[in-house]
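Undergrad: Let me begin by handing over the structure; questions about it come next.
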Amino acid sequence: MPTDIIMPQMGESIVEGTITKWLKKPGDKVQRDEPLFEISTDKVDAEIPAPASGVLQEIKVTEGTTVGVNTVVGTIAVDGESAVAKPAAAPAKPTVSESSVDAPPAVPASRPRTPAQETQPQASAPAAQDDEQETRSSPLVRKIAREHGVSLSQITGTGLGGRITKQDIMQFIENQGSRAGTDASVRTAERSEATPTPAAAAPPPRPAAPAPYPGDVVPMSNMRKLIAKHMIESRRTSAHVHCMYEVDFTRIVNLRNKLKSGFEQRHGARLTFMPFFVRAAVMALQQWPIINANIEGDNIRYHRHINMGIAVALDWGLIVPVLKNAGDLNFLGLQRSITDLGERARNKKLKPEDVEGSTFTITNPGQFGAVFGLPIINQPNSAIMGVGGITKQPMVMTDKDGTDSIAIRSVVHLTLGYDHRLIDGAVADQFMAQVKKNLETWSEEVG
Numbered sequence: 233m234p235t236d237i238i239m240p241q242m243g244e245s246i247v248e249g250t251i252t253k254w255l256k257k258p259g260d261k262v263q264r265d266e267p268l269f270e271i272s273t274d275k276v277d278a279e280i281p282a283p284a285s286g287v288l289q290e291i292k293v294t295e296g297t298t299v300g301v302n303t304v305v306g307t308i309a310v311d312g313e314s315a316v317a318k319p320a321a322a323p324a325k326p327t328v329s330e331s332s333v334d335a336p337p338a339v340p341a342s343r344p345r346t347p348a349q350e351t352q353p354q355a356s357a358p359a360a361q362d363d364e365q366e367t368r369s370s371p372l373v374r375k376i377a378r379e380h381g382v383s384l385s386q387i388t389g390t391g392l393g394g395r396i397t398k399q400d401i402m403q404f405i406e407n408q409g410s411r412a413g414t415d416a417s418v419r420t421a422e423r424s425e426a427t428p429t430p431a432a433a434a435p436p437p438r439p440a441a442p443a444p445y446p447g448d449v450v451p452m453s454n455m456r457k458l459i460a461k462h463m464i465e466s467r468r469t470s471a472h473v474h475c476m477y478e479v480d481f482t483r484i485v486n487l488r489n490k491l492k493s494g495f496e497q498r499h500g501a502r503l504t505f506m507p508f509f510v511r512a513a514v515m516a517l518q519q520w521p522i523i524n525a526n527i528e529g530d531n532i533r534y535h536r537h538i539n540m541g542i543a544v545a546l547d548w549g550l551i552v553p554v555l556k557n558a559g560d561l562n563f564l565g566l567q568r569s570i571t572d573l574g575e576r577a578r579n580k581k582l583k584p585e586d587v588e589g590s591t592f593t594i595t596n597p598g599q600f601g602a603v604f605g606l607p608i609i610n611q612p613n614s615a616i617m618g619v620g621g622i623t624k625q626p627m628v629m630t631d632k633d634g635t636d637s638i639a640i641r642s643v644v645h646l647t648l649g650y651d652h653r654l655i656d657g658a659v660a661d662q663f664m665a666q667v668k669k670n671l672e673t674w675s676e677e678v679g
């Protein structure tokens with residue numbers, strides 16, 4: 233008997249899931265525990281592993297379909313069984329996506345090949361598309377591959393189970409791209425001394441999937457629907473107020489520049505700015521526990537632990553993994569935990585419990601250049617802190633003798649969005665003043 237592939241229950245409160253992508257097609261060989269399809273639930277997006285080794289025999293539920301947990305979505309024929317590939321039912325009209333836009337048209341077998349086609353390099357865009365179907369990688373990696381005309385089969389993945397990471401493909405493009413035939417058109421500037429003939433040159437790389445044209449109507453993804461629902465619910469629930477503080481971040485910028493190389497060599501992790509913001513917020517939350525509380529009916533729940541939600545921007549939406557018991561971690565523990573949550577969020581490896589239980593949230597629009605933001609509260613939290621971009625600005629500095637001077641300083645703007653039903657303006661301002669002080673007078677050991 234073939235092995236059933238079922239829609240898993242990703243948490244006690246989850247009753248259904250949407251299949252967003254099949255990573256294999258009927259007739260493909262699969263290994264037990266390798267990613268087989270991707271799902272989206274009201275908690276997380278995740279890759280689901282194959283329950284057995286064999287051949288994918290049938291896909292019963294098409295991409296974009298929402299079904300209840302424990303529903304059979306496909307079957308795997310194990311070794312020795314008949315594995316006649318059965319296609320899934322005809323899917324609905326496709327939306328603009330990587331697979332629908334980039335899939336090349338079928339070429340009749342009788343079409344004669346021209347001399348130019350005979351001499352064209354094998355790793356053209358259609359071949360790269362085939363590589364995408366057979367190689368374990370993220371949508372971002374596949375997008376970079378298409379933009380640079382790179383065949384993923386040329387790259388050895390260093391991620392879990394041989395998965396190709398963003399670092400793998402960027403290193404390949406930088407160090408080996410000049411030797412790859414498929415990169416001829418991309419690397420022309422580096423090889424101008426040996427310009428190929430028109431017949432031997434590779435075609436320009438295929439562009440990434442274009443955005444919908446004005447006037448197009450495309451359905452929302454499951455994640456986008458949930459984001460919209462949660463944002464509207466938050467606006468209706470909380471009385472949003474914002475305050476903003478300007479922070480002299482020079483001390484920490486200089487400290488990070490001094491320590492980042494040695495930090496990575498000692499601990500195998502990049503030193504980023506986020507753990508500084510998290511630690512400063514944790515210290516202030518310990519002094520002002522009302523900011524870490526939330527409303528439950530006519531009661532106020534003061535949380536024993538600080539569970540820090542950290543917003544992560546993805547190609548397909550936004551998710552807030554939670555760093556549990558952040559107050560119990562030292563600086564190195566914060567950095568490692570933040571890096572781990574971010575990587576698992578981008579690789580769809582989060583579990584439902586990884587996005588539950590936050591008591592306070594930090595979001596970082598500054599990474600994209602925003603001076604500051606006015607974030608919406610992540611329910612059921614009562615406050616969220618937005619981190620703006622770090623820029624150099626002239627500031628008036630006063631020395632111990634009271635003499636003023638103008639100096640170039642690294643400055644960041646922090647915004648606190650808070651629920652005015654629970655948090656008074658004076659309390660919010662005192663909390664943010666403490667965060668500002670913690671950052672400007674930083675003295676903790678970084679590691």
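Using our numbering, the first residue of the sequence shown is number 233, and each one after it goes up by one.
Even for Gly, the Cβ is constructed at its ideal location relative to N, Cα and C.
All values reported here derive from a predicted model rather than from experimental measurement.
Comparing alpha-carbon positions, which option in Gly300, Ile542, Thr635 lies nearest Thr593?
TA: Of the listed residues, the one whose Cα sits closest to Thr593 is Ile542.
Undergrad: Given this structure, state the Cα-to-Cα distance separating Gln497 from Leu491, to the nearest angstrom.
TA: So the alpha carbons of these two residues sit roughly 10 Å apart.
Undergrad: Under the rule that 16 or more other beta-carbon atoms within 10 Å means buried, what is Tyr534, buried or exposed?
TA: Exposed is the call here.
Undergrad: For Met402, which residues of its own chain have a beta-carbon under 6 Å away from its beta-carbon, when the five flanking residues on both sides are left out?
TA: Excluding residues within five positions, none has a Cβ falling inside 6 Å.
Undergrad: Residues in its own chain within less than 6 Å of Asn454 by CB, not counting five upstream and five downstream?
TA: Only Thr250, Ser272 meet the Cβ criterion.
Undergrad: Rank Arg536, His380, Trp548 by C-alpha distance to the C-alpha of Asp560 and give the top, closest one.
TA: Cα-wise, what sits closest to Asp560 is Arg536.
Undergrad: With H, G and I counted as helix, E and B as strand and the rest as coil, what does DSSP make of His474?
TA: Of the three classes helix, strand and coil, the one that applies to His474 here is strand, per DSSP.
Undergrad: How many Å lie between Ile376 and Thr635 at the Cα?
TA: Rounded to whole angstroms, Ile376 to Thr635 spans 53 Å at the Cα level.
Undergrad: What's the C-alpha gap between Met190 and Val247?
TA: Given that the chain is displayed from residue 233 to residue 679, the structure contains no residue 190 and the question cannot be resolved.
Undergrad: Would you call the segment 571-579 and the segment 512-529 touching, i.e. three or more CB-CB distances under 8 Å?
TA: Touching, no.
Undergrad: Keeping to the same chain, check which residues put their C-beta closer than 6 Å to that of Phe495; ignore five residues upstream and five downstream.
TA: Taken in chain order, the residues that qualify are Leu503.
Undergrad: How would you label Ser493, buried or exposed, when you count the other beta carbons within 10 angstroms and need 16 or more for buried?
TA: It counts as exposed.
Undergrad: To the nearest angstrom, how far is it from the Cα of Phe604 to the Cα of Ala309?
TA: Approximately 54 Å, taken between the alpha carbons.
Undergrad: Report the partner residues of Gln625 according to the DSSP bridge assignment.
TA: In DSSP, Gln625 forms a bridge with Arg641.
Undergrad: The alpha helix (DSSP H) spanning Arg483 covers which residue range?
TA: Arg483 -> alpha helix (DSSP H) spans 482-499.
Undergrad: Provide the residue(s) that pair with Val262 in DSSP beta bridges, ordered along the chain.
TA: Partner(s): Gly286.
Undergrad: Does the beta-carbon of Phe269, which I'm using as the reference point, lie nearer than 6 Å to any heavy atom of the ligand FAD?
TA: Looking at this structure, you won't find the ligand FAD or any other ligand, since it has none at all.
Undergrad: Could you tell me which residues DSSP pairs with Val299 in its beta bridges?
TA: Paired residue(s): Gly249.
Undergrad: Determine whether the beta carbon atoms of Leu671 and Val479 lie at a separation below 7 Å.
TA: For Leu671 and Val479, yes; Cβs fall inside 7 Å.
Undergrad: Are the CB atoms of Val304 and Ile238 within a distance shorter than 7 Å?
TA: Contact flag set, yes.
Undergrad: Gly649 and His472: beta carbons closer than 7 Å?
TA: Contact: yes.
Undergrad: Should the segment 499-517 be called in touch with the segment 554-570, which here means at least 3 C-beta pairs below 8 Å?
TA: With a cut-off of 8 Å, the segment 554-570 and the segment 499-517 count as touching, because enough Cβ pairs lie within range.
Undergrad: By DSSP, does Ile376 sit in helix, in strand, or in coil?
TA: Correct three-state label for Ile376: helix.
Undergrad: Which partner residues does Phe505 have in the DSSP bridge list?
TA: Note: Phe505 sits in no beta bridge, so no partner.
Undergrad: Give the DSSP-derived three-state secondary structure of Val544 in the structure shown.
TA: Reduced to three states, the DSSP call for Val544 is strand.
Undergrad: So, with DSSP's three-state summary, where would you put Asn557?
TA: Residue state, collapsed to three classes: coil.
Undergrad: Note down the Cα distance separating Ala660 from Phe269, rounded to an integer number of angstroms.
TA: Taking the straight line from one Cα to the other gives about 45 Å.
Undergrad: From this set, Ser614, Met452, Gly574, Glu585, which residue's C-alpha is nearest Thr591's C-alpha?
TA: It is Ser614.
Undergrad: Taking the DSSP output, what are the residues bridged to Gly306?
TA: According to DSSP, Gly306 bridges with Ile237, Ile291.
Undergrad: Based on DSSP bridge pairs, tell me the residues matched to Trp254.
TA: According to DSSP, Trp254 bridges with Phe269.
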